[in-house]
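Worksheet: one structure, shown below.
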Amino acid sequence: MFLGLRAGVLILLATFVAGPSAAQVARATAAAQDVLRAYFTAINDHDCEQVLRLRPGYATDKCEAIDHVTIERLAFKGAAGGWQVFRVQGRIDRRDRDPQGFAYDYPLQTRDGDWVIDHAGVSKAFDLDAHRILADVPAAVAVSPELRPAGSAPPPAPDARIEGPDLTEPKLQIAAGSDSTAEARDVIDRFYRAVREHRCDDALQLRPEYSVARCESVTKVVGPEIVSLNPYEGLELFHFTVKLIRGEEIEDFEGFAAVKQRFPDWVIISDLVLNDVPLDEYKAKVADHVEKTRARQAPVASYAPETELTWWHSSPPPARLGSEALLQACWPAAELVHRPGEEHSYTSGEGVFLGPPLRLAPKTGIAALPNRYRRSIRSVDTGGARYIALTFDVCEQNNDHAGYDGEIVDYLREQDVRATFFLGGKWMATHPDRAMQLIADPSFETGNHAWTHGNMRLLDRNDPREAENQILFTQAQYELMRERLLNLDGARGLPRTERDAIPEQLTTFRYPYGTCSPESLEMVNDLGLPAVQWSIVSGDPDRSQTARDIAQRILRQAHPGAIVVMHANGRGWNTADALPILVPALREMGYEFVTVSELLGLGVPVTAEDCYENRPGDNARYDRIFGRGTGD
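Read left to right, the sequence shown gives residues 992 to 1623 (our numbering).
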């Protein structure tokens, strides 16, 4: 394989004294590009032995953790001091974390006559100026067809730094220097000053969607240098450059930013901080942001998807999911707030082991589920309208008594945040008052999360009836809770309109562990329940995550129509403390909180054929870890 590459190297070395010609450098560049192409191909083939040959020093475990790399752009950046440097942009899918975009410089050198990737030199910004630049370097190297995404156009010629803004543009010219422009410009200076001084809380006040981890990783900041552009639709726009140093890595950032007044302060809008884009693309992004902001400010009724949608009961979603009058009549305000220690779980004592419910099947059936709501629902295409559904799993197995994280519920009520709670059937039976309060609250929707949190993928394989019982027992238990609720003294004297506002049945389902089989998915849908999974994993079962980690993780992934999974049974570590960070930030980003049923009525469900956490197959380990999952 390396004979042709070796020849290219010898040609290059033979001409160093006299200086290489453009053709000779081009041949060496092509040879180096072949190695880079072979490297990414080996990653996608999971050939880690080949990967380490082409990139000595790379870690085997890092290679093995990669599922796939998609290359969106591969361009020649330059040659210097024996290096051939390429700029690579794309997306990397790993087994142990969320998909991430990347943009790195890959320098290649010769070792023993062969081109290899210089592992230590791979960085966000390889400093060509620090090396002797070879003359007459070819302008670009095209991405080979097998590396280019299907249907994509050839990449543009590379530019190590984008051209400065065209200040003659009518809508984006040098600003006249108003007081508001000066205040907004000062926000960018203050933000980077806070990053430089590691005042990360202050940095997040100025740029709410910024990451604490990114802030803490910066060891030095040089700049920024800022050019003000004319304001546009209430936004102050800037072109700026800044150098960020993270350990041995140097990131030269040149791009655009938008600053908006959120009275009385100004903040940086993360969605409009863009790097390595031309001015016209940035203008389009700003215009799109303004248009979507206007759409969010319009009444909900003005949104009309192209395809007329109907509720799965062949009627509009219920106007009410509960009754505030009933909730207040049955419980004084003091009894609704959380009690210290209520979130704790235990594995011995009353309520740990529990048999089937008193009613084994629901009396009320659910209408057939239309095809558009079948399969595994990951999110909803809202046409760009910024709706988001916060969901909380509240469940327990048959060998434990889980908690109730009332601080979460208290905060959602105080801040008027609509949310969905997926309740386990056994959890309802062991926490009857808290279950009835959630069912009665008009701000909340409740869904089915199986009887004892069974792993439906294995239960259905071993005994389909047992898998079905996980669902039917929970539907029946909900009916029992509803009947008990309506028989409370405070509820009996209320008008029928208030009592009828309590839904007769749970109308959504979420798979425990996020695991399903095609058969169990069909079974759930045949029972009339849409399987509502998620598009954003909070990761709150991880005790090592701080509240800010959870909030920032969700904020980084927030998108219109997103469904976020969290926990409110005492197994969501730091979730209650994350909400006061998360909720205001999402509202500042223009998001409106809705229940999952409301979200399904606002767009077209985005579905998958399987159930998973972040990508298909990533939860296979749960079969080994949890087995049947019920705790029996």
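Don't be surprised by glycine CBs; every beta carbon is placed ideally from N, CA and C.
The model shown is predicted, which means the values in this text are computed figures rather than measured ones.
Of the listed residues the options, nearest to residue i (C-alpha basis)
{"i": "Pro-1551", "options": "His-1280, Thr-1498, His-1189", "result": "His-1280"}
{"i": "Tyr-1603", "options": "Asn-1565, Leu-1593, Val-1574, Val-1528", "result": "Val-1528"}
{"i": "Ile-1493", "options": "Phe-1617, Ala-1194, Met-1427", "result": "Met-1427"}
{"i": "Ala-1111", "options": "Ala-1022, Gly-1618, Asp-1096", "result": "Asp-1096"}
{"i": "Lys-1234", "options": "Lys-1251, Leu-1228, Pro-1215", "result": "Pro-1215"}
{"i": "Tyr-1337", "options": "Asp-1391, Asp-1089, Pro-1423, Glu-1239", "result": "Asp-1391"}
{"i": "Ser-1526", "options": "Val-1203, Asp-1089, Arg-1483, Gly-1356", "result": "Asp-1089"}
{"i": "Phe-1344", "options": "Glu-1405, Ala-1420, Lys-1283", "result": "Ala-1420"}
{"i": "Ile-1057", "options": "Thr-1032, Phe-1077, Val-1400", "result": "Thr-1032"}
{"i": "Glu-1334", "options": "Ala-1316, Gln-1319, Tyr-1378, Trp-1418", "result": "Trp-1418"}
{"i": "Asp-1267", "options": "Asp-1084, Gln-1080, Tyr-1201, Tyr-1364", "result": "Gln-1080"}
{"i": "Ala-1248", "options": "Glu-1272, Ser-1508, Ile-1241", "result": "Glu-1272"}
{"i": "Arg-1448", "options": "Asp-1614, Ala-1173, Ala-1482, Ala-1050", "result": "Asp-1614"}
{"i": "Leu-1027", "options": "Val-1585, Arg-1078, Ala-1050, Asn-1605", "result": "Arg-1078"}
{"i": "Pro-1423", "options": "Tyr-1395, Gly-1484, Thr-1051, Val-1400", "result": "Tyr-1395"}
Neighbourhood of residue i by C-beta distance below 6 Å, restricted to the same chain and skipping five residues each side
{"i": "Asp-1568", "result": "Ala-1538"}
{"i": "Ala-1185", "result": "Asp-1193, Ala-1194"}
{"i": "Ile-1236", "result": "Thr-1210, Lys-1211"}
{"i": "Asp-1491", "result": "none"}
{"i": "Pro-1147", "result": "Residue placement at Pro-1147 cannot be trusted, given a pLDDT of 34 that sits under 50; what the coordinates show is reported in the next sentence. Result list for Pro-1147: empty, nothing under 6 Å."}
{"i": "Arg-1187", "result": "Val-1212"}
7 Å Cβ shell around residue i - same chain, five flanking residues per side excluded
{"i": "Pro-1353", "result": "Leu-1463, Gln-1466, Ala-1467, Glu-1470, Gln-1496"}
{"i": "Gly-1199", "result": "It should be pointed out that residue 1199 corresponds to Pro in this sequence rather than to Gly. Excluding positions up to five away in sequence, the list reads Val-1258, Ala-1576, Glu-1579."}
{"i": "Leu-1349", "result": "Leu-1471"}
{"i": "Gly-1530", "result": "Gln-1536, Ile-1541, Arg-1544"}
{"i": "Glu-1055", "result": "Cys-1039"}
{"i": "Ile-1034", "result": "Val-1042, Cys-1054, Ile-1057, Val-1060"}
{"i": "Gln-1100", "result": "Gly-1073, Trp-1074, Val-1107, Asp-1109"}
{"i": "Ser-1511", "result": "Met-1447, Arg-1448, Asp-1451, Ala-1458"}
{"i": "Pro-1047", "result": "Val-1107, His-1110"}
{"i": "Trp-1322", "result": "Gln-1428"}
{"i": "Ala-1482", "result": "Leu-1317, Ala-1320, Cys-1321, Leu-1476, Arg-1490"}
{"i": "Arg-1612", "result": "none"}
Identified DSSP bridge partners for residue i
{"i": "Phe-1182", "result": "Its beta-bridge partners do not exist; DSSP assigns none."}
{"i": "Ala-1553", "result": "Ile-1379"}
{"i": "Ser-1064", "result": "The amino acid occupying residue 1064 in the given sequence is Arg; Ser does not appear at that position. For Arg-1064, which the question treats as bridged, DSSP gives the partners Gln-1080."}
{"i": "Leu-1235", "result": "Val-1212, Glu-1242"}
{"i": "Glu-1436", "result": "Thr-1411"}
{"i": "Thr-1598", "result": "Ile-1368"}
{"i": "Asp-1036", "result": "Asp-1036 pairs with nothing; no bridge assigned."}
{"i": "Val-1113", "result": "Per DSSP, none; premise fails for Val-1113."}
{"i": "Ile-1259", "result": "Val-1250"}
{"i": "Arg-1085", "result": "Ile-1057"}
{"i": "Gln-1091", "result": "Ile-1083"}
Residue i in three-state terms, based on DSSP
{"i": "Asn-1605", "result": "coil"}
{"i": "Asp-1614", "result": "helix"}
{"i": "Leu-1001", "result": "Caution applies to Leu-1001, whose pLDDT of 37 falls short of 50 and renders its modelled position unreliable; the value that the coordinates give is listed next. Looking at Leu-1001 - three-state DSSP - the assignment turns out to be helix."}
{"i": "Tyr-1097", "result": "strand"}
{"i": "Pro-1503", "result": "helix"}
{"i": "Pro-1423", "result": "helix"}
{"i": "Arg-1205", "result": "helix"}
{"i": "Ala-1358", "result": "coil"}
{"i": "Ser-1314", "result": "coil"}
{"i": "Arg-1483", "result": "helix"}
{"i": "Pro-1509", "result": "helix"}
{"i": "Arg-1619", "result": "coil"}
{"i": "Leu-1577", "result": "helix"}
{"i": "Trp-1106", "result": "strand"}
{"i": "Glu-1470", "result": "helix"}
{"i": "Glu-1583", "result": "strand"}
{"i": "Leu-1497", "result": "coil"}
{"i": "Val-1400", "result": "helix"}
{"i": "Asn-1266", "result": "strand"}
CB-CB length for residue i against residue j, believed under 8 Å
{"i": "Ala-1599", "j": "Arg-1452", "result": "20 Å between Cβ atoms; not a contact."}
{"i": "Gly-1594", "j": "Gly-1438", "result": "Incorrect: roughly 19 Å between the Cβ atoms, too far for contact."}
{"i": "Gly-1246", "j": "Val-1264", "result": "7 Å"}
{"i": "Thr-1506", "j": "Asn-1446", "result": "5 Å"}
{"i": "Tyr-1183", "j": "Ser-1261", "result": "In fact, because the Cβ distance is near 14 Å, the residues do not count as touching under 8 Å."}
{"i": "Leu-1381", "j": "Val-1555", "result": "5 Å"}
{"i": "Arg-1181", "j": "Leu-1197", "result": "6 Å"}
{"i": "His-1440", "j": "Arg-1501", "result": "5 Å"}
Cβ-based neighbour list, residue i, same chain, cut-off 8 Å, excluding 5 preceding and 5 following
{"i": "Tyr-1402", "result": "Val-1408, Ala-1567, Leu-1570, Pro-1571, Val-1574"}
{"i": "Leu-1191", "result": "Position check: residue 1191 holds Cys in this sequence, whereas Leu was assumed. Here the set comprises Ala-1185, Val-1203, Cys-1206, Glu-1207."}
{"i": "Asp-1533", "result": "Trp-1564"}
{"i": "Gln-1548", "result": "Asp-1089, Ser-1526, Ile-1527"}
beta-carbon residue i near the ligand ATP non-hydrogen atom, thresh 7 Å
{"i": "Asp-1058", "result": "Ligands displayed in this structure: none; no statement on the ligand ATP is therefore possible."}
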